[in-house]
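**Student:** Under full-length UniProt numbering, the residues of the sequence shown are numbered 1 to 807, in order.
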Amino acid sequence: MVSITTEYISVGGNRHPAAADWDSQSGVLAFGADNNIALWNPADNTRCGIYSLLVGHADKVTAVRFYTCPSTGKKLMLSGSVDRTIRIWQDKPEYPYFSCVGQLEGHEGSINTIAVADGSNIVASGATDGTVKLWRIDEQFNGKLVNTVSLKPRYFPLTLALRVLEADVSAKPMVLAVAGTRNTVQIYVAQDTSNEPDFQLCATLSGHEAWVRSLAFQTDIQSNSGDFLLASASQDKYIRLWRVQRGEVAPVVPQDPDDPMLGGFEQTLSNKAHTFDALESKYSITFEALLFGHEDWIYTVSWNPDPMQMQLVSASADNSLIIWEPDPVSGVWISKERMGEISVQKGSTSATGSTGGFWIGLWSPGGKEVVSLGKTGSWRRWQYLSEVDHWEQMLGISGHVRSVTDIEWEPKGGYVLSTSSDQTTRVHAKWKRDGAKSWHEFSRAQIHGYDLNCIDSLGPTQFISGADEKLLRVFNEPKAVAQLLNKLSGFQQSAVEEMPDTANIPVLGLSNKAAGDEVPLGEDLNGASDEPAALPVSLDMDHPPFEDHLARYTLWPEHEKLYGHGYEISAVAVSHDRSIIATACKASSIDHAVIRLYDAADWNEIRPPLTAHSLTVTSLSFSSDDRYLLSVGRDRQWAVFERNADVPSRFSLLKSNPKGHSRMILGAAWAPLSNPPAFATAGRDKTVKLWQMMDGEFVCKSTISVKDPVTAISFLPTKHGNSFILAVGEDNGAVSLHRVAIDSLETDNITSIEKLVSPSRSITYLSWRPVPDNAIDAEQKEEGRYELAVASEDTSLRIYAISDISF
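1) My guess is that residue 414 and residue 478 are in contact by the Cβ rule of under 8 Å, so how many angstroms apart are they, rounded?
2) Please report how far the alpha carbon of residue 494 lies from the alpha carbon of residue 512, in whole angstroms.
3) Figure out for me which residue from 178, 643, 611 and 649 has the closest Cα to the Cα of residue 632.
4) Taking the alpha-carbon of residue 174 as reference, which of 166, 223 and 181 has the nearest alpha-carbon?
5) I'd like the list of long-range same chain contacts for residue 807, defined as Cβ closer than 7 Å, with 5 residues on each side in sequence excluded.
6) From what residue to what residue does the alpha helix (DSSP H) around residue 225 run?
7) Taking the runs of the beta strand (DSSP E) that are 3 residues or longer, which of them lie wholly in the region 40-67?
8) Return the Cβ separation of residue 476 and residue 576 in integer angstroms, given the expectation that the two are a contact with Cβ distance under 8 Å.
9) Go to residue 483, then tell me how far its alpha helix (DSSP H) extends in each direction, as first and last residue.
10) Can you tell which of 764, 93, 104 and 54 has its C-alpha closest to the C-alpha of residue 757?
11) Starting from residue 576, trace the beta strand (DSSP E) both ways and give me its first and last residue.
12) Check whether the Cβ atoms of residue 800 and residue 753 lie closer than 8 Å to each other.
13) Let's see if you can read the secondary structure: which residues bound the beta strand (DSSP E) around residue 444?
14) Report the CB separation of residue 797 from residue 407 in whole angstroms; it is logged as a contact under 8 Å.
15) Here's a check: name, in chain order, each residue in its chain whose Cβ is nearer than 6 Å to the Cβ of residue 395, leaving out the five neighbours to either side.
16) Would you mind giving the Cβ-Cβ distance between residue 217 and residue 182, rounded to the nearest angstrom? I have them listed as a contact below 8 Å.
17) With C-beta atoms as the reference, is residue 113 less than 8 Å away from residue 102?
18) Secondary structure at residue 605, three-state DSSP: helix, strand or coil?
19) Measuring straight from C-alpha to C-alpha, what distance separates residue 20 and residue 604?
20) If you reduce the DSSP assignment to three classes, tell me which class residue 756 lands in.
21) Beta-carbon within less than 8 Å of residue 142's beta-carbon, same chain only, minus the 5 sequence neighbours each way: which residues are those?
22) Report the partner residues of residue 148 according to the DSSP bridge assignment.
23) At which residue ranges does the UniProt domain "ETS" (388-468) contain complete beta strand (DSSP E) runs of 3 or more residues, listed in the order of the chain?
24) Can the beta-carbon of residue 713 be found less than 8 Å from the beta-carbon of residue 726?
25) What's the C-alpha gap between residue 608 and residue 470?
26) Check whether the Cβ of residue 625 lies closer than 8 Å to any Cβ atom in chain B.
27) Assign residue 124 to one of two classes, buried (16 or more other C-beta atoms within 10 Å of its C-beta) or exposed (fewer than that).
28) Apart from the five residues just before and just after residue 263, which ones in its own chain have a Cβ nearer than 7 Å to its Cβ?
29) Within 8 Å, do at least three Cβ pairs link the region 296-316 to the region 230-247?
30) Closest by CA to residue 197, which one among 638, 172 and 434?
31) Using the Cβ count rule (16 or more neighbours within 10 Å means buried), how would you classify residue 83?
32) Alpha carbon to alpha carbon, what distance is there between residue 247 and residue 7?
33) So what's residue 716 in DSSP terms, helix, strand or just coil?
34) Could you check whether the region 666-674 touches the region 643-654, counting it as contact only if at least three pairs of C-beta atoms, one from each stretch, sit closer than 8 Å?
35) My output table needs one value for residue 510: the three-state DSSP class, helix, strand or coil.
36) In whole angstroms, what is the alpha-carbon distance linking residue 422 and residue 92?
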């Protein structure tokens, strides 16, 4: 029986402040990744990264919260989405660890935030319909809408905080803090939540000067009367702390407005006490402290879950995390630790990956680690070392944040390249150490100013990519990256000393230029350097690069540009002998639907271009002996061009079929080492057709029919007994394997990748890892064990290990 295991999942987090939560019991960090929910255990010693993607939502996940059912003790997870629904997930011991057991519907807009309270079965949600809805979750995990709070004056709630006021009474009165697209925080109180909770507006806290992005409650352990604090973070760059205490507060004598200690904040500081009743108790809310230190919007604040540690972490658009705590002597709140980057590149173009800062900051369950999610979709991680009183950066995870448009293996399988609509190209390789292996991003090879559409390898040290900018760029591997791959993954390359140094990013973020003299990489693991990324560095480390290294020190210098196309590049293919580059662009006429060839020796275009299509060419593929070039397009036809035996740089049209499929053709692949030549085409007509040359004509020998349009295909690059193995990817994310008989091209379905571990959106590209005689991994040589890389529109890159393919 065929065995399929997931070796690697690379995906970036959604840039929404509420889209992640760290479970205090299991240690699982769950975050939104496009329309999926990624599960990651940062404490896992195997360093496997994301171990599961939960599929269910139809649109981007914007809110994630863990919740423990008070009556059963069962662990649940709540997720909200742009699709206007909230899903309830139950913890399961078996794969994929959480399963969807319920769905809450009622909002008329995108879900922005979800709030839960310990010891209560009431949860709150806020959405862009301008309402906060209260739900009760019963023991069977069914959710019921019990109240709707219409915010007046109407605004969009961006954050909520929910807390039980008196847990020792059956009525369980609750307080709800609401804030969003206004500069105030509204306090709602429900006297009795045991029946139908009726939340009434009791106080409006003013002082912020811009939208409030985050709210969080925390018990004040130093208070003997059960006081608790509310932290509110705003786009005005400040955090305000509010004290909620039982009883009335004596009025405070107003401060002298000319007091220099106020530092110009007299307009925003207020001593007014807001009071409200809960059951027979009176509560007061007073302003406690103003925390300032960030230089840009603050997206999230989070309290340390350790009740003995009165600490608050804040994440800001200034690319930093700050840990705040009260001074033990004076009680004044101070900035205890700052992590991340000083804003030397603030205001740069989005191509640098620096603007946008940190969107999420979270504490680990034990309060000894913090993580942050940045604009690039990557998670950074810091761990507190008590013996040296220092926060040290640890290895995080990274991934694309938009559709992965193309992937390609290095010719020997040493690493895989991925490129995406998020305008980056990334290098992924296997980290080998002490008998353990795990996949990681090793280089952010290209950071671009246009969406990237296609990529191919020009050898172990070079690749070419095409983007919406109408030209193609060739990049060379830098010395530091080659040395790192050699050290950590065992991928050895020749002439390392002759390789170029690292690259710089220009202002427009389009072409990476080789840097000058080498300088050593500093010891500051927090990346808080005052110098811009202008010079190459030595990546002499015993682990894959951290995010700040990836974004600034692992670029590949640009070697050449290839011009000629008039529209966005749609496809690129490199011959197996690395001498010819074939490219195509988006086209709506015959004039632009041409295939341009370039000589990889001098980068000159080989004219005239090849003509056959009338619309966009969607895929190009060279036969394994480079004798033929196959092209397919939106015009529903395929064309085969033959290489001139006397002039190897020349190709001419051999055969074409204007009615190859009944709908556009999206994929093309040659069968390996086939004689007579054979290839497969994949169409939106939900079929894969296999063609073979017979008497000078290419004849359709067999057809594979599937349930959805076929968007990608790939042949295993070696024969498997008397068969070829063909992977087929569909528009719904399904991936299936088929056996193709070498002599007759008759097909047989082997298996399909289980839906729970398959991508949730269209497959954009499939690529088998090469299996050369000198394979990189010893297990690659094992009979029947192969690796398949899968790229999808759900922003994920996955690598599956496939073994035991029997006849």
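Glycine included, each C-beta is placed from N, C-alpha and C at the ideal position.
As the structure is a computational prediction, the values presented were derived from the model and not from experiment.
**Tutor:** With the structure as the only source:
1) Incorrect: roughly 15 Å between the Cβ atoms, too far for contact.
2) 23 Å
3) 611
4) 166
5) Only weak support is given to the placement of residue 807: the predicted model assigns it a pLDDT of 47, under 50, and the value that follows is read from those uncertain coordinates. Result list for residue 807: 721, in chain order.
6) Counted as a single uninterrupted DSSP element, the stretch harbouring residue 225 is not any alpha helix (DSSP H), since DSSP gives it neither H nor E.
7) 50-55
8) Not a contact, Cβ separation roughly 20 Å.
9) 479-489
10) 54
11) Neither: residue 576 is in no beta strand (DSSP E) and is coded neither H nor E.
12) Going by C-beta atoms, residue 800 is nearer than 8 Å to residue 753.
13) Under the DSSP assignment, residue 444 falls in the beta strand (DSSP E) whose first and last residues are 436-447.
14) 6 Å
15) 543
16) About 20 Å; that fails the 8 Å criterion.
17) At a Cβ-Cβ threshold of 8 Å, residue 113 and residue 102 do not count as neighbours.
18) strand
19) Taking C-alpha positions only, residue 20 is separated from residue 604 by approximately 49 Å.
20) helix
21) 102
22) Answer by DSSP bridge pairing, in chain order: 133.
23) The qualifying runs are 390-397, 404-409, 416-420, 424-433, 436-447, 452-457 and 462-467.
24) yes
25) 19 Å
26) As a matter of chain content, chain B is missing from the structure shown, which is built from one protein chain.
27) Answer is buried; the Cβ neighbour count reaches 16.
28) A caution first: residue 263 carries a pLDDT of 49, below 50, which makes its placement in the model unreliable, though a value can still be read off. Excluding residues within five positions, none has a Cβ falling inside 7 Å.
29) yes
30) 172
31) buried
32) Put simply, the backbone Cα of residue 7 is about 58 Å away from that of residue 247.
33) Looking at residue 716 - three-state DSSP - the assignment turns out to be coil, as it is neither helix nor strand.
34) no
35) coil
36) 33 Å
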